[in-house]
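*Asks:* Supplied in structure tokens, the structure appears directly below.
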Amino acid sequence: MSSEALNRCEIIGQLRRELYGDPLSSHKAHIFIIFGASGDLAKKKIYPTLWWLYRDGLLPNETYFVGYARSNLTVPDIKTACLPHMKITDADSDCLAAFFSKNSYICGSYDDATSFNKLQVHLLSLPGGAEANRLFYLALPPTVYQCVTTNISAHCISHKGWNRVIVEKPFGRDLQSSQELSCHLSSLFKEDQIFRIDHYLGKEMVQNLMVLRFGNRIFGPIWNRNSVSCVVLTFKELFGTHGRGGYFDDFGIIRDVMQNHLLQILCLVAMDTPASTNSDDVRDEKVKVLKRMAPVSSADVVLGQYVGDVKGEGQARFGYLDDPTVPAGSCTPTFATAVVYIQNERWDGVPFILRCGKALNERKAEVRLQFTDVPGDIFGGRCQRNELVMRVQPDEAIYLKMMTKRPGVYFSPEETELDFTYKSRYKNVELPDAYERLILDVFCGNQMHFVRSDELREAWRIFTPLLHKIEQEKTAPLSYTYGSRGPIEAYDLMRRVGFHYGGTYKWVQPHYAT
Ligand code: NDP
Ligand code: BG6
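Per the working numbering, the sequence shown starts with residue 2, numbered consecutively.
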């Protein structure tokens, strides 16, 4: 074996010892069951993620993958559907064949016991199947969650290994439906068996928030209402609903992104230091933040819906209502800006601005802390506010906008930044996909980056009154053009609550050697 290959084996071996503790424990068989194996999420994310983890030697040795859906499929059919998303190189062919040799597929319905008994017989027939640990991934529309979990619990549980269930968002539509789903799941499984995925919690920079905040002395003393003027959490996408209009129209941007991805990030930005990095200690602190937030007021919200830009350069970009899968006259927002407050000692009065939208001018997700003006200014108002920006994607970075003396004979302040761009600092490090980290966490039983039922309840409590109001009143969203920055009223709202946009500075990603 070459020294490079040996080194890689050592690293993987060490990582596996860290992940699974006693290496012998990984000799137990594991079975990963994908419900909805014929679907979009399965082919684009779940199978590719399992392949990457398998290829990189990060799964327990005896791991089998069982697809389940109503469609009449074979493993080669699944392979064909997934290959375009799996980033295969020529060197992977043997490993890829080995991966698919561990795959099988069962065709069955979601609501009948016979099909689940057939699945159970198959699971037991796999090597070590009777004692295996089982992971059930529900890559399914939420409409079938209840019958599928009931059938798993009744017919497919391992009695000699552990069982874990992974549930995809949306976890309900509002407080009541989410509570019903939670009650149903908790009647079948214990909380430590339920893994509710919010894939933003698997992103590098979102996970870095805790280390950045609690592993550095310098941030603690300024991370509060004395120094922070406002916090802006942004999610922007370049494209529209992309043929997912049917799904999206039922939910809208608040349920799709704001109530989960942005609110989860807010918790990590705002929470106090947890007692430890234990999953429940961290989630306890997140819940405390949510409990101190009042339901969002409609006066603090701007909603938008994109319209086509058929005159734009290049390809015509159609509006949301031009999508044939969207009902005519739909009022579903594709853009929202909302201001929320956390009524605790640390944050009282500080606006947290959540903004998200589709079909905007750029793709970007970031956290921005804007600090207060310097008290007792001696530079004649020429200093801009400091901003600490954690850029989640694309191109992970942390940068601090700050004032410096203009170099040379001048004595005037000038804006610059302290920049930590991942691609410059960590040139050869490839960051894993969010799903890779999260699925690995399920194997390891680590729930820190998953949503606990009480977090979910609080999140719905904060957004349900607003969602009900805009749906009952059929609040018309403001139009914005595909590819624009969204409705200008959203920027008026941000200004009104105290965000200062200097407009004098733009972060440019530093050049890095590839
Ligand atoms: P799909 O619409 O592709 O559904 C997955 C599978 O479920 C289908 O292949 C189909 O399998 C079965 N199915 C579809 N509709 C029904 C129905 N009405 N009744 C019973 N079974 C049905 O969904 P996705 O793969 O896109 O999403 C799965 C889950 O993941 C959803 O909860 C979604 O919200 C969530 N999600 C998806 C993302 C994505 O990028 N796709 C991103 C984030 C979350 P068959 O007919 O063969 O049984
Ligand atoms: C999903 C939303 O949860 O997140 C999609 O349903 C959105 O509408 C997606 O496009 C964004 O994820 P990412 O990882 O591409 O930023």
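The beta carbon of each residue, even a glycine, is placed where N, CA and C say it ideally should be.
It should be emphasised that the depicted structure is a prediction, and the values quoted were computed from it without experimental measurement.
Determine the direct distance from the alpha carbon of PRO414 to that of HIS501, and round the result to whole angstroms.
*Replies:* Counted from its first residue, the sequence shown places residue 501 at position 500. Counted from its first residue, the sequence shown places residue 414 at position 413. In this structure, the straight-line span from the alpha carbon of HIS501 to that of PRO414 is close to 18 Å.
*Asks:* Can you tell me whether GLY487 is buried or exposed? The criterion is at least 16 other CB atoms within 10 Å of its CB, across all chains shown.
*Replies:* Residue 487 sits at position 486 when you count from the first residue of the sequence shown. That one is buried.
*Asks:* Between the Cα of LYS44 and those of ARG56, LYS88, TYR65, PRO128, spot the shortest distance and give me the residue it belongs to.
*Replies:* The sequence position of residue 44 within the sequence shown is 43, counting from 1. With distances taken between Cα atoms, LYS44 lies closest to LYS88.
*Asks:* Would you call the region 122-138 in contact with the region 187-195, where contact means no fewer than 3 C-beta pairs closer than 8 Å?
*Replies:* Verdict: no, contact absent.
*Asks:* Label ARG527 either buried or exposed according to how many other C-beta atoms from any shown protein chain fall within 10 Å of its C-beta, with 16 as the threshold for buried.
*Replies:* The chain is shown from 2 up to 515; residue 527 falls before or after that span and cannot be answered.
*Asks:* What does a CB cutoff of less than 6 Å around ASN516 pick up in its chain, not counting 5 residues either side in sequence?
*Replies:* Look at the range of the chain in this structure, 2 to 515, and you will see that residue 516 is not part of it.
*Asks:* Figure out for me which residue from PRO352, ASP113, PRO328, GLU388 has the closest Cα to the Cα of THR338.
*Replies:* Here residue 338 refers to the residue found at position 337 when the sequence shown is read from its first residue. Relative to the Cα of THR338, the nearest Cα in the group PRO352, ASP113, PRO328, GLU388 belongs to PRO352.
*Asks:* Answer with buried or exposed for PRO24, where buried requires no fewer than 16 other C-beta atoms within 10 angstroms of its C-beta.
*Replies:* For the purposes of this step, residue 24 is taken as residue 23 along the sequence shown, with counting starting at 1. Note that PRO24 has pLDDT 49, beneath the 50 cutoff, so the model's placement of it is unreliable and no number is given.
*Asks:* If you follow the alpha helix (DSSP H) that TYR48 is in, where does it begin and where does it stop?
*Replies:* What you label residue 48 is simply residue 47 of the sequence shown in a count that begins at 1. Where TYR48 is concerned, the enclosing alpha helix (DSSP H) stretches over 48-56.
*Asks:* For ASN209, verify whether its CB is less than 8 Å away from any heavy atom of the ligand BG6.
*Replies:* The residue you call residue 209 lines up with position 208 of the sequence shown. Because no heavy atom of the ligand BG6 lies under 8 Å away, the Cβ of ASN209 does not count as near it: no.
*Asks:* Determine the extent of the beta strand (DSSP E) in which GLN371 is found, giving its start and end residues.
*Replies:* On the sequence shown, residue 371 is found 370 positions in, with the first residue counted as 1. Where GLN371 is concerned, the enclosing beta strand (DSSP E) stretches over 365-372.
*Asks:* Leaving out the 5 sequence neighbours to the left and right, which residues in its chain are closer than 7 Å to LYS119 when beta-carbon positions are compared?
*Replies:* Looking up residue 119 in the sequence shown gives position 118. Same-chain partners within the cutoff: ILE107, GLY109.
*Asks:* When every heavy atom of the ligand NDP is checked, does at least one fall within less than 8 Å of the C-beta of VAL67?
*Replies:* Position 66 of the sequence shown, counted from the first residue, corresponds to residue 67. Not under cutoff, so the answer is no.
*Asks:* Is THR144 near the ligand NDP, in the sense that its beta carbon is under 8 Å from a heavy atom of that ligand?
*Replies:* Against the sequence shown, residue 144 aligns to sequence position 143. Distances from the CB of THR144 to the heavy atoms of the ligand NDP include at least one below 8 Å.
*Asks:* Can you tell me whether GLN121 is buried or exposed, with buried defined as 16 or more other CB within 10 angstroms of its CB?
*Replies:* The residue given as residue 121 occupies position 120 in the sequence shown. Under this definition GLN121 is a buried residue.
*Asks:* When we look at the beta-carbon of ASN387 and count the other beta-carbons within 10 Å, is it buried (16 or more) or exposed?
*Replies:* Indexing the sequence shown from 1 puts residue 387 at position 386. Here ASN387 is buried. Its C-beta has 16 or more other C-beta atoms within 10 Å.
*Asks:* Quick one, are the C-beta atoms of CYS332 and THR242 less than 9 Å apart?
*Replies:* Here the question's residue 332 lines up with position 331 in the sequence shown. Here the question's residue 242 lines up with position 241 in the sequence shown. Not a contact, by the Cβ cut-off of 9 Å.
*Asks:* Could you tell me the boundaries of the alpha helix (DSSP H) in which LEU125 lies?
*Replies:* As a working note, residue 125 is residue 124 in the sequence shown. 114-126 is the span of the alpha helix (DSSP H), which, as asked, contains LEU125.
*Asks:* Pick from TYR146, ALA70, GLU431, TRP53: whose alpha carbon is nearest that of PHE101?
*Replies:* Within the sequence shown, numbered from 1, the residue matching residue 101 stands at position 100. With distances taken between Cα atoms, PHE101 lies closest to TRP53.
*Asks:* Decide if ILE489 is buried, meaning its Cβ has at least 16 other Cβ atoms within 10 Å, or exposed.
*Replies:* Residue 489 sits at position 488 when you count from the first residue of the sequence shown. In the assembly as shown, ILE489 is an exposed residue. Its beta-carbon has fewer than 16 other beta-carbons within 10 Å.
*Asks:* Tell me which residue opens and which closes the alpha helix (DSSP H) that ARG218 is part of.
*Replies:* For this step, residue 218 is matched to residue 217 along the sequence shown. From DSSP, ARG218 is part of no alpha helix (DSSP H); its letter is neither H nor E.
*Asks:* Whole angstroms is fine: what's the gap from GLU346's alpha carbon to ALA295's?
*Replies:* Along the sequence shown, read from residue 1 onward, the residue named residue 346 stands at position 345. Along the sequence shown, read from residue 1 onward, the residue named residue 295 stands at position 294. Going by the C-alpha atoms only, they are around 15 Å apart.
*Asks:* Can you name, in chain order, every residue of its own chain whose Cβ lies under 8 Å from the Cβ of PRO511, other than the five neighbours on each side?
*Replies:* For this step, residue 511 is matched to residue 510 along the sequence shown. Counting only Cβ-Cβ distances below 8 Å, and skipping sequence neighbours, we find ASP420, THR422, SER425.
*Asks:* Tell me, to the nearest whole angstrom, how far the beta carbon of VAL341 is from that of LEU355; I am working on the premise that it is less than 8 Å.
*Replies:* As a first step, residue 341 is located in the sequence shown; it is residue number 340 there, counting from the start. As a first step, residue 355 is located in the sequence shown; it is residue number 354 there, counting from the start. About 7 Å separates the two Cβ atoms, so the contact holds.
*Asks:* Strictly by DSSP, which residues pair up with MET259?
*Replies:* Numbered from its first residue, the sequence shown carries residue 259 at position 258. For MET259, which the question treats as bridged, DSSP gives no partner whatsoever.
*Asks:* Taking 8 Å as the cut-off, is the CB of ARG438 close to at least one heavy atom of the ligand NDP?
*Replies:* Indexing the sequence shown from 1 puts residue 438 at position 437. Not under cutoff, so the answer is no.
*Asks:* Between the C-alpha atoms of TYR506 and GLU437, what's the straight-line distance to the nearest angstrom?
*Replies:* Along the sequence shown, read from residue 1 onward, the residue named residue 506 stands at position 505. Along the sequence shown, read from residue 1 onward, the residue named residue 437 stands at position 436. Approximately 36 Å, taken between the alpha carbons.
*Asks:* Given the structure, does LYS475 come close to the ligand NDP, in the sense that its CB is under 8 Å from one of the ligand's heavy atoms?
*Replies:* Residue mapping note: residue 475 aligns to position 474 of the sequence shown, counting from 1. Not under cutoff, so the answer is no.
*Asks:* How far does the alpha helix (DSSP H) with ASN164 in it extend, from its first residue to its last?
*Replies:* Residue 164 sits at position 163 when you count from the first residue of the sequence shown. Here ASN164 belongs to no alpha helix (DSSP H); instead the beta strand (DSSP E) covers 164-168.
*Asks:* Using 8 Å as the cut-off, can you tell me whether the region 26-40 makes contact with the region 131-146, which would need three or more C-beta pairs spanning the two stretches below that distance?
*Replies:* yes
*Asks:* Write down the C-beta distance between TYR481 and GLY246 rounded to the nearest angstrom, noting that I regard them as a contact closer than 8 Å.
*Replies:* Walking along the sequence shown from the start, residue 481 turns up at place 480. Walking along the sequence shown from the start, residue 246 turns up at place 245. Not really, about 17 Å apart at Cβ, beyond 8 Å.
*Asks:* Please list, in chain order, all residues of the same chain as ASN152 whose beta carbon is under 6 Å from its beta carbon, the five residues on each side excluded.
*Replies:* Residue mapping note: residue 152 aligns to position 151 of the sequence shown, counting from 1. Once the five neighbours on either side are set aside, the close Cβ partners of ASN152 are PHE117.
*Asks:* For a test of your reading of the model: does the CB of ALA70 fall under 8 Å from any non-hydrogen atom of the ligand NDP? Yes or no.
*Replies:* Here residue 70 refers to the residue found at position 69 when the sequence shown is read from its first residue. Flag set: Cβ of ALA70 near the ligand NDP.
*Asks:* Nearest to GLY309 by CA position, among VAL327, SER454, ALA360, ARG214, is which residue?
*Replies:* The residue labelled residue 309 in the question sits at position 308 within the sequence shown. Here the closest residue by C-alpha is ALA360.
*Asks:* Rounded C-beta distance between ILE266 and PRO334? I'm assuming under 8 Å.
*Replies:* Position 265 of the sequence shown, counting from 1, holds the residue named residue 266. Position 333 of the sequence shown, counting from 1, holds the residue named residue 334. Contact doesn't hold; Cβ gap of about 20 Å is too wide.
*Asks:* Ignore the nearest five residues each way along the sequence and tell me which others in ALA82's own chain have a CB closer than 6 Å to its CB.
*Replies:* Walking along the sequence shown from the start, residue 82 turns up at place 81. Taken in chain order, the residues that qualify are LYS44.
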